[in-house]
Amino acid sequence: MGFNRRKMKDERKAKAGADAAARRATDAQVLEDAERLIAAWNARQAKRMPHLFAPTIGAALASRHHFLWVHCPACRTMRDIDLRTLDRHPDAAVTSLIPSLSCRSCRPNAPFAELVRLSKTIIADEMRIEHARRVLGG
8 MGFNRRKMKD ERKAKAGADA AARRATDAQV LEDAERLIAA WNARQAKRMP
58 HLFAPTIGAA LASRHHFLWV HCPACRTMRD IDLRTLDRHP DAAVTSLIPS
108 LSCRSCRPNA PFAELVRLSK TIIADEMRIE HARRVLGG
């Protein structure tokens, strides 16, 4: 049998289509798993439990938790970091960011930053919602 370029192209196209369909089928599962992982990690962080696991930056971004809230134990300030702007591998754990997140105002001997939670909103939006809840009594 001879070399059939059109048949090979059709086979490659069919294989690419099947691969894309398989990825689409697993995207929903990946999103669901990432959501559960982030929720479990945030719950452990809220209770100040030890780090047994840490979600990856890719899992946080997949579940649309773009902001990592960070607390400085020295000056007691909180800030948020937009994970979309970082130049880190998506498979890196969010805890790998701790050494680079030390407070700039506490340098040169700043303590390590404490991770508070992963969130879909920035701290300012969360505080605004909380303030409105208190004022309106809702």
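For the record, in the sequence shown the residue sitting at position 110 is 117 according to the working numbering, with numbers rising by one throughout.
Glycine included, C-beta positions come from ideal geometry on N, C-alpha and C.
Here the structure is a predicted model, which is why all the values come from computation and not from measurement.
Delimiting residues of the beta strand (DSSP E) encompassing residue i
i    : result
R124 : E121 to S126
Local Cβ density within 10 Å of residue i, reported as buried at 16 or more and exposed below that
i    : result
P62  : buried
H138 : exposed
I45  : buried
H146 : The structure shown does not extend to residue 146, since the chain spans only 8 to 145, so no value can be given for it.
L59  : exposed
D87  : buried
C82  : exposed
A41  : buried
V142 : exposed
S107 : exposed
S70  : buried
A25  : exposed
A67  : buried
Endpoints, alpha helix (DSSP H) assigned at residue i
i    : result
L143 : I130 to L143
Supposed contact pair residue j and residue i - C-beta distance, whole angstroms, cut 8 Å
i    : j    : result
W76  : R43  : Not really, about 20 Å apart at Cβ, beyond 8 Å.
A120 : S109 : 6 Å
A129 : F74  : The sequence as given places Ile at residue 129; Ala does not occur at that position. I129 to F74, Cβ: 6 Å. Contact.
L90  : I64  : 6 Å
L122 : I105 : 7 Å
P118 : P80  : 5 Å
Residue-chain proximity (residue i, chain C), Cβ-Cβ < 8 Å
i   : result
K22 : Included in the structure is just one protein chain, with no chain C present.
Extract the residue ranges of the beta strand (DSSP E) inside the stretch 66–128, only unbroken runs of 3 or more that lie entirely within it. 74–78, 85–89 and 121–126
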